[in-house]
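Written out below as structure tokens is the structure these notes cover.
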Amino acid sequence: MSAAWPAVREHTRQRLRILLYLCLLAASVGIRTHGDVAQAANASGVSALTEQPYFWGLIKDDGTHLTDERAAGIGVKVIRISWKDFYPHEGIPDPTYIAATQGQFDRLRAAGFGIILELGIQDTPSWLHAAYPDASYVDQYEDVYSGNGQPDSGDANTIFNPTVRTLIAHYMHDVFTAFGTDFYAVRLGGGHWGELTYPTASYNGHTNCYWAYDANARAQSPTPGWVPGQNSPHGEAAAFANWYLNGLVNYQNWQITTLRQNYGGPIMMLYPGWGIRPGQLDQAVAGNLSGLTSPEINGEVQTGTDYARQIAAITDTNTIVYTTWLDAPFGDDTSVDPANWRPVHYLASLAAAHHPILRVAGENTGQGSPSQMRFAVAQMKAYGLAGMVWYQEPELYSGQYATIGDYRDTIAAAVPIASPSAPSLPSSGPNQPTVTNTPAVTTTGSLGGTPTAPAIPRSSTPAAMATGVPTAMASTPSATATSTTHPSAALPTASPSATQSPSRTPSATQSPSRTPSATSTSPSAPTQSPPPVTALARTDTPVPSTATALIPPITTPIDATSTAPAIPGSTPTTLARPIATPSDITRPAVSVTPTATSTYIPTRHKKGRGKRNGQATSASRGTGLPMMFERTSASAAIVAPGKVETFTSVVKAGQPIHNVVVDFAVYDAASRLVWHSQRHHVTFPRFVATRVSIVWRVPRSQLQGAYVLKLSVLDMLPTRIGSNHAAIFRIAPPHESATI
């Protein structure tokens, strides 16, 4: 670090010169300053007029469809700027880029749009790694994360490197000096795709990647010599997990605090994926973070998506909880167990449990059909979101996905609009749920004091509030059931109907988030709509029935000097139950087939996120189709060296998938890859169980011990479209195999 700081000091010495330069540039292109915010808001039509109950947004803008989009009811545009493009050279902003961006902002405001600004911290300048060699993430395999050269990969080590944070703080300051603060909201997250996350859990041929082994991270780690998968006789796994997850919480709050030095409006914190659910982290720690539990196989622990921990740490009341998987096709929102809920339901429950209550918003995952668009809007209304954003403008005009006409009709059906009018930005969030006497879903054995998470209230009856089931579908209050994963909470359950499968209690060996209901469907045509809900009470003014503005109010007075709290975690929290090694690691059961009849991995792929300047990258072309793994197994629970093991997986696809690759990989207990093979040109018909098998002749020299098969389905780029379903087996001498 000592070698890096002179460059930072030199960067600091350039500040006055840069600020003078930006002021001159601002004068030449008419950029607004902080003192002009109120005047700019009125000039752009962003004033306090009548309200609409939801805001409707759209990501990207090519400038050629503004009239049609405005008439359709779209009130805000999400515009991503880029750290890389703003500063092509360290400390030297690009005046051409700044002027062009300001021109785009001016055109949008003149057309009546509000602007949600994404800072593009994840788009790392090329000079950063050359000037600061320790600015990269490193995993336990000593892989240095580069993002494979893709834009928006978030390859700067923003979590553990203080030099990188200093540079980002300077960038934030310069952005608002150049462009002013006239924004509807600002999006934060700062990781891959701009979301709050560590890098990917699989990288460079390795799985179960934890990105906390660079020099800066090791210096801060409570367990610098321990790696996931090793035994932890002194609680190393728990200490590491707490510290690792708290590192991302610290980065979240640092972003909010730093932004508040420059901007006082609404902040949208982007939460990706499915998220770690109550009790799941304990299961992962009990297995020493070996990568074998449900949330680890799906990458939630490694990428740090501990929603409950992150949202509980927010102290800025003008921060909006934002899901980037509003259209998640998997899950059971009528379940009593929050592990089964779709991401928007779980995030809404955490926002409702926060004091004060936080608002929620979200966006779809991309390449959405008209039915997926309607489903996303239904989810938005069901869980009281402030509004939603559609990803992305080019797809609305591609002829392949939902169109601008579909978006117009969907908006009109959700909230009638008399005529397009200017957006407004006054006080608290629309459709803010009122939380009263809501039974809490108690989490047991959760690390780091993860808070209880009540379901967002949707009815006045106790049964409906406890289960998330509306009054019309809830059973009588006397019907109760106790969740095995939450033994302290005796919650009412819902009576099954013809179209609704009963809630299921997951077994100890299966993640509850992977058990689809009988009516689970693909995202292309989700037939299980969110249950109807009683209108949620607002905490501000009622929604007027007359003509409304295209953007509802979401600003709340905020002290620009507010700071985020220090993050606990330097002293590891003691688990509520002792750590035990799962029996299937030391000696697997005879059957390695999952106990449930159907198991899926709720993977999420942000389709199109990899596009930059109109050019498609491999990340932008991932199909993101739902894969349902009914069974993945090894032919023998114990196989001797030199013998043959046959691996089989039975897979269903939510849509027809052609010419894909099924990837089989075997890892040892330390997550080292020991064998790998693929089946090519595989086709999965829609909703037809397809069996795929492959044979491994175990080398005679193969070491004895526990092994795990991990299976992925890849397109030809390759981009993973269904991933890491696992089966556990053991390699042992012939005499041990014969006794089974």
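Numbering of the sequence shown is given in my numbering, commencing with residue 1 and proceeding in unit increments.
In this text, a Cβ means the ideal position worked out from N, Cα and C, and glycines have one as well.
1. Tell me the start and end of each unbroken alpha helix (DSSP H) in the stretch 334–368 that is at least 4 residues and wholly inside, in chain order.
2. Using DSSP bridges, identify the partner residues of R686.
3. In three-state DSSP terms, what is V698?
4. Which residue marks the beginning of the alpha helix (DSSP H) containing G57, and which one marks its end?
5. Which whole-angstrom value describes the C-beta separation of G291 and Y322, a residue pair presumed to lie in contact below a C-beta threshold of 8 Å?
6. Which of the three DSSP states, helix, strand or coil, is assigned to G468?
7. If you run the structure through DSSP and keep just helix, strand and coil, what is I74?
8. Inspect the beta-carbon positions of E300 and R187 and report whether they are closer than 8 Å.
9. Using the C-alpha atoms, what's the distance from L358 back to A727?
10. Under 8 Å: do the stretch 202–218 and the stretch 150–165 share three or more Cβ pairs, one atom per stretch?
11. Assuming G73 and A376 are in contact, meaning their beta carbons sit under 8 Å apart, how far apart are those beta carbons, in whole angstroms?
12. Taking the alpha carbon of P734 as the reference point, which residue from T124, K643, A352 and K652 has its own alpha carbon closest?
13. I need the straight-line Cα distance from G114 to G287, nearest angstrom please.
14. Cα separation between W226 and I694?
15. What are the partner residues of M268, as DSSP defines its beta bridges?
16. Helix, strand or coil, according to DSSP, for V175 in the structure here?
17. For the beta strand (DSSP E) holding Y707, just list the boundary residues, first then last.
18. Spatial neighbours of A156 within its chain, please: CB distance less than 7 Å, with the 5 preceding and 5 following residues excluded, ordered by chain position.
19. In this structure, how does DSSP classify A743 when only helix, strand and coil are distinguished?
20. Does the stretch 330–350 come into contact with the stretch 379–397, if we say contact requires no fewer than three beta-carbon pairs (one atom in each stretch) closer than 8 Å?
21. If you run the structure through DSSP and keep just helix, strand and coil, what is L396?
22. Identify which residue in G705, F684 and A732 has its Cα closest to the Cα of L714.
23. Give every residue of the same chain whose Cβ lies closer than 6 Å to the Cβ of Y198, excluding the five residues on either side of it in the sequence, and list them in chain order.
24. DSSP on F729, reduced to helix/strand/coil?
25. Can you list, in chain order, the residues of its chain whose CB lies under 7 Å from that of A732, leaving out five sequence neighbours each side?
26. With DSSP run on the structure shown, which of helix, strand or coil describes S126?
27. Between which residues of its own chain and M380 is the CB-CB distance below 6 Å, once the five residues before and five after are set aside?
28. Just to confirm the assignment, what range does the beta strand (DSSP E) spanning E236 have?
29. Is the distance from the Cβ of I116 to the Cβ of V175 below 8 Å?
30. Which residue wins for smallest C-alpha separation from D139, given the options T200, L396, A308 and P88?
31. Have a look at G279 and G229 and give me their C-alpha separation to the nearest angstrom.
32. Ignore the nearest five residues each way along the sequence and tell me which others in L259's own chain have a CB closer than 7 Å to its CB.
33. Which residue wins for smallest C-alpha separation from S701, given the options V708, L709, S712 and V674?
34. In chain order, what residues of the same chain lie with their CB nearer than 7 Å to the CB of T593, ignoring the 5 residues before and after it?
35. What residues are listed by DSSP as bridge partners for W675?
36. Which word fits V666, buried or exposed, when buried means at least 16 other C-beta atoms lie within 10 angstroms of its C-beta?
Per the coordinate set shown:
1. For the stretch 334–368, whole alpha helix (DSSP H) runs of length 4 or above, ordered along the chain, are 343–353.
2. Residue 686 sits at position 686 when you count from the first residue of the sequence shown. DSSP lists A653 as the bridge partner or partners of R686.
3. Along the sequence shown, one-based indexing puts residue 698 at 698. Assigned with DSSP and collapsed to three states, V698 falls in coil, not helix or strand.
4. The residue labelled residue 57 in the question sits at position 57 within the sequence shown. From DSSP, G57 is part of no alpha helix (DSSP H) but of the beta strand (DSSP E) over F55 to I59.
5. Residue 291 sits at position 291 when you count from the first residue of the sequence shown. Residue 322 sits at position 322 when you count from the first residue of the sequence shown. Not really, about 28 Å apart at Cβ, beyond 8 Å.
6. The count along the sequence shown starts at 1 and reaches residue 468 at position 468. Reliability of the predicted coordinates at G468 is poor, the pLDDT of 37 falling under 50, and no value is obtained from them.
7. As a first step, residue 74 must be located in the sequence shown, where it is residue number 74. Three-state result, I74: coil.
8. To locate residue 300, count along the sequence shown from 1; it is residue 300. To locate residue 187, count along the sequence shown from 1; it is residue 187. R187 is positioned such that its CB atom lies no closer than 8 Å to that of E300.
9. The count along the sequence shown starts at 1 and reaches residue 727 at position 727. The count along the sequence shown starts at 1 and reaches residue 358 at position 358. C-alpha of A727 to C-alpha of L358: approximately 40 Å in a straight line.
10. Flag = yes, the stretch 202–218 and the stretch 150–165 touch.
11. The sequence position of residue 73 within the sequence shown is 73, counting from 1. The sequence position of residue 376 within the sequence shown is 376, counting from 1. Rounded, the Cβ-Cβ distance is 15 Å, inconsistent with contact.
12. Here the question's residue 734 lines up with position 734 in the sequence shown. Minimum Cα distance to P734 is reached at K643.
13. Taking the sequence shown and counting its residues from 1, one reaches residue 114 at position 114. Taking the sequence shown and counting its residues from 1, one reaches residue 287 at position 287. Taking the straight line from one Cα to the other gives about 48 Å.
14. Position 226 of the sequence shown, counted from the first residue, corresponds to residue 226. Position 694 of the sequence shown, counted from the first residue, corresponds to residue 694. Going from the Cα of W226 to the Cα of I694 covers about 35 Å.
15. If you number the sequence shown from 1, residue 268 lands on position 268. Residue pairing by DSSP places M268 opposite R187 and I320 in a beta bridge.
16. On the sequence shown, residue 175 is found 175 positions in, with the first residue counted as 1. V175 sits in a helix when the DSSP states are folded into three classes.
17. Here residue 707 refers to the residue found at position 707 of the sequence shown. Element bounds for Y707: G705 to L714.
18. The residue you call residue 156 lines up with position 156 of the sequence shown. Answer for A156: T124, L128, A135 and V164, listed in chain order.
19. Past the edges of the chain, shown from 1 to 740, lies residue 743, and the structure says nothing about it.
20. Segments in contact, yes.
21. As a first step, residue 396 is located in the sequence shown; it is residue number 396 there, counting from the start. Here L396 sits in helix by DSSP.
22. The residue given as residue 714 occupies position 714 in the sequence shown. Comparing Cα positions, the closest option is F684.
23. What you label residue 198 is simply residue 198 of the sequence shown in a count that begins at 1. For Y198, the CB contacts under 6 Å within the same chain, skipping 5 residues up- and downstream, are W211, T303 and G304 in chain order.
24. As a first step, residue 729 must be located in the sequence shown, where it is residue number 729. Residue state, collapsed to three classes: strand.
25. In the sequence shown, residue 732 corresponds to position 732, counting from 1. If we look at A732 and ignore the five residues flanking it on each side, its Cβ neighbours are I638, A640 and Q704.
26. Translated into the one-based positions of the sequence shown, residue 126 becomes position 126. Here S126 carries a helix assignment [DSSP, helix/strand/coil].
27. Counted from its first residue, the sequence shown places residue 380 at position 380. Excluding residues within five positions, the ones whose Cβ falls inside 6 Å are M388.
28. Here residue 236 corresponds to residue number 236 of the sequence shown, with the count starting at 1. In this chain, E236 is not harboured by any beta strand (DSSP E); it is covered by the alpha helix (DSSP H) spanning E236 to R260.
29. Within the sequence shown, residue 116 is the residue found at index 116, counting from 1. Within the sequence shown, residue 175 is the residue found at index 175, counting from 1. In this structure, I116 lies away from V175, with their beta-carbon atoms at least 8 Å apart.
30. Against the sequence shown, residue 139 aligns to sequence position 139. Closest option to D139, judged by alpha-carbon separation, among T200, L396, A308 and P88: T200.
31. By one-based count along the sequence shown, residue 279 stands at place 279. By one-based count along the sequence shown, residue 229 stands at place 229. Distance between the alpha carbons of G279 and G229: 19 Å.
32. What you label residue 259 is simply residue 259 of the sequence shown in a count that begins at 1. Counting only Cβ-Cβ distances below 7 Å, and skipping sequence neighbours, we find M172, V186, L188 and I267.
33. If you number the sequence shown from 1, residue 701 lands on position 701. Nearest of V708, L709, S712 and V674 to S701, Cα basis: V674.
34. On the sequence shown, position 593 is the one that residue 593 refers to. Below a pLDDT of 50, predicted positions are generally treated as unreliable, and T593, at 29, falls in that range; no measurement from the model is reported.
35. The residue labelled residue 675 in the question sits at position 675 within the sequence shown. Note: W675 sits in a beta bridge opposite V666.
36. On the sequence shown, residue 666 is found 666 positions in, with the first residue counted as 1. The residue in question, V666, is buried, as its Cβ has 16 or more Cβ neighbours within 10 Å.
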